[in-house]
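Sequence order for the protein chains is A and B.
Start counting the first sequence at 1; every next residue gets the next number (the working numbering).
Start counting the second sequence at 278; every next residue gets the next number (the working numbering).
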Amino acid sequence: MYLVWYGFSADVVGVEMAIPRKTRIYIWFRLLLLQASWNFERLQGIGFFYCLLPGLKKLYSGEKLLTVSRKYAGYFNTHVYLAPMVAGAVLKLEEDRAQGIVDPALEADDFKEMVAAPYAAIGDALFWGGVRPLAAGVALFFAIKGILWAPLIFLLVYNILPMWFRTVFFARGYRQGMRSVEFIQQHRLPDWAIHTKEAAVVVLGGLSAFMVYSHLNQVGLPSWLGMLTLIPMVILVLVARQGLSPLLLILITGGSIFLIGLFGADMICLLESWGLK
Amino acid sequence: MVASLTIGALVSLVCGLDRVAILQIMISRPIVAAPLTALLLGEPLIGLQIGVMVELLWLARLPVGAAIPPDDTQVAISSSVLAIIMAKTLSASGTELFLLCLLIAIPLGKVGQYFDHYARQYNIRLTKKVDSALENGSLLTAELQHLRGLGSFSLAAIGTYAVIMLGGLLTIPLLWPFLQHPLSHSSGWIQLAFPLVGIAVILGTINVSRALTLFCTSFGMAFLLMWLV
Chain A
1 MYLVWYGFSA DVVGVEMAIP RKTRIYIWFR LLLLQASWNF ERLQGIGFFY CLLPGLKKLY
61 SGEKLLTVSR KYAGYFNTHV YLAPMVAGAV LKLEEDRAQG IVDPALEADD FKEMVAAPYA
121 AIGDALFWGG VRPLAAGVAL FFAIKGILWA PLIFLLVYNI LPMWFRTVFF ARGYRQGMRS
181 VEFIQQHRLP DWAIHTKEAA VVVLGGLSAF MVYSHLNQVG LPSWLGMLTL IPMVILVLVA
241 RQGLSPLLLI LITGGSIFLI GLFGADMICL LESWGLK
Chain B
278 MVASLTIGAL VSLVCGLDRV AILQIMISRP IVAAPLTALL LGEPLIGLQI GVMVELLWLA
338 RLPVGAAIPP DDTQVAISSS VLAIIMAKTL SASGTELFLL CLLIAIPLGK VGQYFDHYAR
398 QYNIRLTKKV DSALENGSLL TAELQHLRGL GSFSLAAIGT YAVIMLGGLL TIPLLWPFLQ
458 HPLSHSSGWI QLAFPLVGIA VILGTINVSR ALTLFCTSFG MAFLLMWLV
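This is how it looks when you write it as structure tokens:
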């Protein structure tokens with residue numbers, strides 16, 4: 001049991017696995033297509049059924065297989081990188097049920113519904129809200145320097161964690177079934193999300209300073225002027241907090257800079273014509 | 278031009294699918310998609326510059342639940358293709374041209390949201406077909422319905438790309454003679470403003486207490502370090 005808990009192959013400690021390793025790998029690859037038929041009615045529902053089907057075929061046949069399949073083709077939505085863990089756990093629960101080990105407290109599809117929303121919230125905060133801006137910030141340092149490897153750096157920095165989640169958490173889900181929830185709790189993923197977001201904010205602060213400093217040097221203006229950037233930035237942040245769309249913000253900012261540029265150029269021409277420059 | 282458009286369409290298809298339907302390894306992010314497109318068209322640096330400007334712009338719009346963010350993937354790809362084609366057609370170069378391409382592509386990128394919405398709406402039909410296939414006992418038909426969803430997302434990606442390209446190819450040659458000179462006064466500053474606005478939006482929406490304090494401290498420290506070194 002100890003070995004199973006800490007992630008060693010359950011085959012080693014004699015727990016029978018009805019779904020062969022080859023099928024599990026096949027399911028893992030199918031999970032990369034989870035959202036192929038995403039729709040407003042069942043969201044990832046059909047995709048979840050599609051991913052589980054090879055495993056279900058190993059457990060059931062005939063009318064029973066169709067009944068179980070119908071159950072999984074219903075509504076389902078969670079974070080795409082945490083879906084493998086749900087899939088693994090559900091397969092384990094179905095495997096137990098097929099072997100006659102039934103938990104009267106919770107059915108496999110109840111478990112799926114119970115964990116989907118909390119996992120989605122954790123995944124959204126961690127990956128979309130934290131890791132993605134962090135990886136983008138790191139890669140943009142290289143891109144601004146004109147280093148063509150920047151996209152690869154982004155892909156590398158970003159994908160380490162999702163790939164780990166997709167593989168290790170799928171295996172954990174299958175080994176631990178319902179107890180995989182404890183694995184998530186143990187790792188305090190919501191705390192990870194907050195720390196990653198904080199790191200992203202710090203990286204974006206450094207990136208902004210780097211961009212402003214480089215630009216001022218490029219146009220030959222004194223570097224200390226760059227500190228004044230914080231004033232429009234704070235204003236923009238406060239405006240963004242009011243819910244103004246980024247598109248509108250960029251059009252207003254871009255338009256203002258364009259007009260100031262035109263006005264400045266006209267003023268320079270005027271001063272030149274007066275012989276003042 | 279046809280070859281460039283076709284290469285752009287292929288990248289748009291692959292990256293468009295990565296966005297929602299398959300993989301999600303983030304080759305759809307502008308910082309990857311734009312340089313990739315431009316690399317295939319022989320001008321990787323243009324793509325890199327466009328990627329830098331678009332990457333942070335809508336990063337704060339999270340694809341949570343049924344929310345659909347604007348299609349920054351197609352904006353980045355189309356802008357890269359437009360900039361490279363227009364540079365040859367108009368015999369022009371420099372920041373001003375790709376900035377104009379981007380300024381045309383960004384509002385048109387909103388179309389991507391509608392196409393994506395239609396694709397997801399269309400896929401509801403597939404759920405009925407899956408139900409009926411399962412009623413009839415045909416698991417293979419049910420599985421194939423799922424894969425048919427890829428068709429909707431592919432059409433949405435290509436549709437967005439086509440709209441932006443068409444809009445750009447029709448308007449940029451008309452606007453360029455009027456905007457080339459005025460843009461030259463402010464192109465560098467606009468290029469700087471794009472990522473900064475994106476960062477401001479991220480800071481405004483990121484759920485971190487003291488985000489502004491952290492940002493200002495990090496900005497100040499980095500700036501001082503660069504100034505002193």
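Where a beta carbon is used, it is the ideal one built from N, C-alpha and C, also for glycine.
This one's a predicted model, so the numbers in the text were calculated from it and none came from an experiment.
Cutoff 8 Å: residue i Cβ touching any chain A Cβ
| i | result |
| --- | --- |
| B:C250 | Outside the shown range of chain B (278 to 506) lies residue 250 of chain B, about which nothing can therefore be said. |
| B:V474 | yes |
| B:I308 | yes |
| B:I483 | yes |
| B:E332 | yes |
| B:I381 | no |
| B:W453 | no |
Residues near residue i by beta carbon distance below 6 Å, same chain, minus five either side
| i | result |
| --- | --- |
| A:I153 | A139, F142 |
| A:L82 | Y119, G123 |
| A:G14 | In this prediction, A:G14 scores a pLDDT of 41, lower than 50, which makes its location untrustworthy; the coordinate-derived value is nonetheless stated afterwards. Taken in chain order, the list of residues that qualify is empty. |
| A:Y174 | G88, L91, K92 |
| B:S305 | C292, D295, R296, T350 |
| A:W5 | Only weak support exists for where A:W5 lies, its pLDDT of 39 falling under 50; the coordinates are left without a value. |
| B:V388 | T437, V440 |
Contact with chain B by residue i, beta-carbon distance below 8 Å
| i | result |
| --- | --- |
| A:G173 | no |
| A:L161 | no |
| A:L247 | yes |
| A:F8 | Note that A:F8 scores 37 on pLDDT, short of 50, meaning its location in the model is unreliable; the coordinates nonetheless yield the value given after this. Not one chain B Cβ lies under 8 Å of A:F8. |
| A:E272 | no |
| A:L204 | yes |
| A:V234 | yes |
| A:Q99 | no |
| A:M227 | yes |
| A:H187 | no |
| A:W128 | yes |
| A:D191 | no |
| A:D124 | yes |
| A:G55 | no |
Beta-carbon proximity of residue i to residue j, cut-off 8 Å
| i | j | result |
| --- | --- | --- |
| A:A73 | B:L421 | no |
| A:A136 | B:I354 | no |
| B:V288 | B:T314 | yes |
| A:V219 | B:G465 | yes |
| B:A286 | B:Y438 | yes |
| B:L501 | B:A488 | no |
| B:L322 | B:I435 | no |
| A:L230 | B:C292 | no |
| A:T78 | A:A125 | no |
| B:G386 | B:I441 | yes |
| A:K57 | A:L65 | yes |
| B:L333 | A:L148 | no |
| A:P133 | B:L473 | no |
Contacts around residue i, its chain only, beta-carbon distance under 7 Å, and the 5 residues preceding and following it disregarded
| i | result |
| --- | --- |
| A:V90 | L52, A108, F111, K112 |
| B:I218 | In the structure displayed, chain B extends from 278 to 506; residue 218 of chain B sits before or after that span and is not available. |
| B:Q390 | I345, P347, D348 |
| A:A265 | none |
| A:Y26 | P54 |
| A:A98 | A18, L59, Y60 |
Same chain only: Cβ atoms within 8 Å of residue i, ignoring 5 sequence neighbours per side
| i | result |
| --- | --- |
| A:P222 | L216 |
| B:S415 | none |
| A:K71 | D109 |
| B:L403 | Q422, H423, R425, G426 |
Could I get the ranges of all uninterrupted alpha helix (DSSP H) runs contained in the segment 136 to 168 of chain A, with 4 residues as the minimum, in chain order?
150 to 164
contact_flag[the segment 456 to 468 of chain B, the segment 423 to 432 of chain B] where n(CB pairs < 8 Å) is 3 or more:
no
Can at least three beta-carbon pairs, one atom from the segment 36 to 46 of chain A and one from the segment 292 to 305 of chain B, be found at a separation below 8 Å?
yes
3-residue-minimum beta strand (DSSP E) runs that sit fully inside the segment 201 to 233 of chain A, ordered along the chain:
none
Decide yes or no for the touch test of the segment 373 to 382 of chain B against the segment 357 to 365 of chain B: beta carbon pairs closer than 8 Å, at least 3 of them.
yes
Taking only runs of the alpha helix (DSSP H) that begin and end inside the segment 368 to 420 of chain B, which ones reach a length of at least 4 residues, in chain order?
372 to 385, 387 to 399, 401 to 412
Runs of alpha helix (DSSP H) wholly within the segment 435 to 480 of chain B (minimum 4 residues, chain order)
none
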